[in-house]
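Chains as they are written, first to last, in this note's numbering: chain A, 1 to 318; chain B, 1 to 318.
There are 2 protein chains.
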Amino acid sequence: MSLLTIGSVAYDSIKTPFGSADKALGGSASYFSLSASYFSRPSIVAVVGEDFKPEDEKILAEKNIDLTGLQKTAGKTFAWGGQYSFDMNSRTTLFTELGVFENFKPELTEDHKKSEYIFLGNIHPSLQLEVLSQITSPKLVGLDTMNFWIEKALDDLKKVLAQIDILIINDSEARELSKEHNLIKAAKIILGMMKTGFGRGVPSATEGTPPPTLIIKRGEYGLLMFNGESIFNLPGYPLEDVADPTGAGDSFAGGFMGYLAKTDDISQASLKQACVAGSVMASFCVENLTTVRLQNLRDEDIQKRMENFKHLTHFELN
Amino acid sequence: MSLLTIGSVAYDSIKTPFGSADKALGGSASYFSLSASYFSRPSIVAVVGEDFKPEDEKILAEKNIDLTGLQKTAGKTFAWGGQYSFDMNSRTTLFTELGVFENFKPELTEDHKKSEYIFLGNIHPSLQLEVLSQITSPKLVGLDTMNFWIEKALDDLKKVLAQIDILIINDSEARELSKEHNLIKAAKIILGMMKTGFGRGVPSATEGTPPPTLIIKRGEYGLLMFNGESIFNLPGYPLEDVADPTGAGDSFAGGFMGYLAKTDDISQASLKQACVAGSVMASFCVENLTTVRLQNLRDEDIQKRMENFKHLTHFELN
């Protein structure tokens with residue numbers, strides 16, 4: 001099934017205690033689409049400047065990512081610089097240069113308007129709304145956002161939330177959005193803001209409509225997925241070394257949405273599998289700097305980690 | 001099978017943002033044995049003072065806990081006071097009065113020396129060694145410790161570690177003991193300090209000897225269990241309200257060891273089930289102040305939460 005994402009294609013400059021990268025391909029749409037490309041063919045809607053290098057476009061094109069929605073305009077590509085602390089749990093933004101992203105007005109092609117699986121990356125909620133309004137018959141819409149928009153554009157954000165099916169945010173964002181510390185209570189409040197509200201029930205394999213689902217990411221601790229009365233926990237994949245956490249969340253979203261678009265199955269069983277697929281992609285992402293690890297994965301390596309998640313979490317009761 | 005624990009029976013004074021308790025039955029051996037009593041018959045080795053009230057003894061006796069090892073001596077029962085922050089994640093110790101616990105010299109009865117399942121609660125490692133030396137043929141020995149002993153009595157602690165099968169500590173203790181931040185690396189280092197060392201393999205159902213196993217507790221995020229090359233993750237049970245986190249770790253240990261003593265099965269499958277049993281008991285413990293919730297549970301409520309853990313964690317891959 002068709003999968004469309006809107007987000008940033010950027011140049012990231014990253015410093016970690018163990019290595020650094022200068023002006024490397026980054027941005028939410030890059031991580032998302034590289035990750036999703038292992039499951040289906042994602043289309044990017046994004047903008048880059050005149051400085052965007054052919055070799056970086058090639059990285060995306062070689063993974064069969066549809067770049068017809070990648071606008072090129074006068075100016076510089078969105079650039080971000082960040083530095084990680086020794087334990088990789090906190091990072092400082094060194095600079096943010098919006099460049100051509102500042103005046104980005106997403107215009108979808110006729111083909112892209114017909115997309116069925118949509119992921120609205122972390123941009124201004126009014127832009128997310130604008131994109132969504134151009135989609136003619138979405139089957140499932142996922143959304144990312146951040147504290148900045150919760151604080152600065154809550155009204156617009158609530159309008160988007162009322163139109164989407166799957167929200168993927170982290171625990172601090174969930175707490176801020178719901179004004180509730182306990183994540184189970186927070187989830188109920190947030191699901192109440194979404195398309196069909198809380199308590200509509202868990203999607204079944206036979207049900208055709210998308211479930212209102214909230215996924216709360218908890219960094220190294222993994223995630224909680226809430227829908228209906230169900231809670232599903234998936235831990236983080238155990239890694240001895242993390243080289244660069246940048247893009248882990250976008251890689252999760254890419255694996256998650258890519259898996260759903262591939263299977264075209266939005267049952268509860270499939271949503272859980274999509275969580276596993278997303279977590280596996282995030283675990284690969286952080287093993288090397290920037291998008292390097294996402295560029296050359298083998299399907300059997302992905303499958304192996306998905307199986308490993310079973311060993312990590314499953315038990316039998318007598 | 002026989003199950004013996006050594007630890008504290010204490011009077012706890014607890015303040016939380018939502019309620020408080022004054023001189024209520026507490027201490028590691030109380031929480032451990034109340035929790036374990038739902039699976040097998042635990043024996044306590046501990047000391048109390050002249051102020052220990054018959055009604056508190058009755059709470060333990062009514063759960064069929066063996067109190068023949070509960071010494072009563074001149075002086076006051078160990079007393080502890082603590083206060084929790086609003087989000088229940090941090091607590092301040094208001095006072096610690098060791099009382100009769102200060103000169104506690106555990107002497108086991110002939111019956112207790114023959115115990116098969118042993119849990120050495122969080123006391124000075126030299127006392128843990130002294131108890132262990134009296135046990136004639138232990139089948140499985142579990143141990144708790146804390147940062148204080150890692151800092152103040154590391155040599156003695158290492159001597160105990162070399163003689164035990166299962167270590168149950170939290171993440172900050174694991175990091176301090178191993179001097180390693182990454183928990184997977186930390187686990188390898190710690191397993192190397194234990195009885196049979198790292199890499200002896202995962203216990204199988206047919207194997208009769210106890211596995212060297214490390215359980216790292218991560219508060220609301222649950223636990224990681226390490227042995228051989230295996231890692232098992234169990235999340236915390238999702239609760240909307242936590243009344244009092246006191247004793248959660250001891251309740252986990254009680255449920256874990258109680259389950260193993262009941263089944264007398266130390267296979268990997270059984271260890272995982274014991275983790276689930278322990279986590280269920282911890283989840284009940286924190287739902288009310290002090291030991292109140294542990295005093296009156298129904299077996300079917302325990303069974304139900306064990307089943308719920310499956311819904312929370314299991315998925316099927318295509």
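Ideal Cβ placement from N, Cα and C applies to all residues, glycine included.
Find the residues of chain A that neighbour residue i, judging by a C-beta separation of less than 9 angstroms, and give them in chain order.
i, result
"Val-276 (chain B)", "Phe-315 and Leu-317"
The alpha helix (DSSP H) spanning residue i covers which residue range?
i, result
"Ala-277 (chain B)", "268-285"
"Asp-250 (chain A)", "248-263"
"Leu-239 (chain A)", "First-last for Leu-239 (chain A): undefined, no H or E at that position."
"Met-193 (chain A)", "183-193"
"Ser-178 (chain B)", "171-178"
"Lys-113 (chain A)", "110-113"
From the DSSP output, in three-state form, read off residue i for me.
i, result
"Phe-198 (chain B)", "Note that Phe-198 (chain B) scores a pLDDT of 41, beneath 50, so its modelled location is shaky; the value from the coordinates is reported in the next line. Residue state, collapsed to three classes: coil."
"Ile-59 (chain A)", "helix"
"Gln-128 (chain B)", "helix"
"Thr-145 (chain A)", "coil"
"Pro-17 (chain B)", "coil"
"Pro-42 (chain A)", "strand"
"Arg-305 (chain B)", "helix"
"Ile-135 (chain B)", "coil"
"Ile-150 (chain B)", "helix"
"Ala-36 (chain B)", "helix"
"Leu-224 (chain A)", "strand"
"Ala-29 (chain B)", "helix"
"Leu-317 (chain A)", "coil"
"Asp-87 (chain B)", "coil"
"Val-9 (chain B)", "coil"
"Asp-165 (chain B)", "coil"
"Lys-76 (chain A)", "coil"
Give the residues of chain B in contact with residue i, contact being defined as C-beta atoms less than 9 angstroms apart.
i, result
"Pro-238 (chain A)", "Leu-183, Ile-184, Leu-224, Ile-231 and Asn-233"
"Glu-307 (chain A)", "Leu-317"
Residue i and residue j: beta carbons closer than 8 angstroms?
i, j, result
"Leu-260 (chain A)", "Ser-251 (chain A)", "no"
"Val-141 (chain A)", "Ile-168 (chain A)", "no"
"Leu-4 (chain A)", "Val-48 (chain A)", "no"
"Leu-294 (chain B)", "Ser-8 (chain B)", "no"
"Gly-258 (chain A)", "Tyr-38 (chain A)", "yes"
"Leu-60 (chain B)", "Ser-85 (chain B)", "no"
"Phe-232 (chain B)", "Lys-195 (chain B)", "no"
"Thr-93 (chain A)", "Asp-244 (chain A)", "no"
"Asp-144 (chain B)", "Asn-122 (chain B)", "yes"
"Tyr-221 (chain B)", "Val-280 (chain B)", "no"
"Met-225 (chain B)", "Leu-317 (chain A)", "no"
"Ser-178 (chain B)", "Ile-166 (chain B)", "no"
"Asp-66 (chain A)", "Ser-40 (chain A)", "no"
"Ala-21 (chain B)", "Ser-33 (chain B)", "no"
"Thr-290 (chain B)", "Ala-79 (chain B)", "no"
"Pro-211 (chain A)", "Ile-135 (chain A)", "no"
"Ala-282 (chain B)", "Ile-216 (chain B)", "no"
Please determine whether the Cβ atom of residue i lies at a distance below 7 angstroms from any heavy atom of the ligand GTP.
i, result
"Tyr-38 (chain B)", "Looking for the ligand GTP in the displayed structure turns up nothing, as the structure carries no ligands at all."
Going by DSSP, what residue range makes up the beta strand (DSSP E) through residue i?
i, result
"Asp-66 (chain B)", "Taken as a continuous stretch (DSSP letters only), Asp-66 (chain B) belongs to no beta strand (DSSP E), as it is neither H nor E."
"Val-100 (chain B)", "No beta strand (DSSP E) contains Val-100 (chain B), which DSSP labels as neither H nor E."
"Leu-289 (chain A)", "It is not in any beta strand (DSSP E) - Leu-289 (chain A) carries neither H nor E in the DSSP assignment."
"Thr-213 (chain A)", "213-217"
"Phe-52 (chain A)", "Segment: none, Phe-52 (chain A) is in no beta strand (DSSP E) and carries neither H nor E."
"Asn-296 (chain A)", "It is not in any beta strand (DSSP E) - Asn-296 (chain A) carries neither H nor E in the DSSP assignment."
"Ser-230 (chain A)", "230-234"
"Ile-118 (chain A)", "117-120"
Less than 8 angstroms between the CB atoms is what I'm expecting for residue i and residue j, so what's the real figure, rounded?
i, j, result
"Leu-161 (chain A)", "Ile-6 (chain A)", "That pair is no contact at about 16 angstroms."
"Glu-97 (chain A)", "Lys-76 (chain A)", "7 angstroms"
"Leu-214 (chain B)", "Ala-187 (chain B)", "5 angstroms"
Listing by chain order, which chain A residues have their CB less than 8 angstroms from the CB of residue i?
i, result
"Met-257 (chain B)", "Here the premise fails: no neighbours, minimum Cβ distance about 17 angstroms."
"Asp-87 (chain B)", "His-181"
"Leu-312 (chain B)", "Ile-231, Phe-232 and Asn-233"
"Ala-269 (chain B)", "Phe-315 and Glu-316"
Note down, in chain order, every chain A residue with its Cβ under 7 angstroms from the Cβ of residue i.
i, result
"Lys-272 (chain B)", "Phe-315"
"Tyr-84 (chain B)", "Near Tyr-84 (chain B) there are no residues of chain A at all, since even the closest Cβ is about 13 angstroms away, more than 7 angstroms."
Along chain B, which residues have their Cβ under 8 angstroms away from the Cβ of residue i?
i, result
"Tyr-117 (chain A)", "Those do not exist, as Tyr-117 (chain A) stays about 18 angstroms from chain B at its closest Cβ, beyond 8 angstroms."
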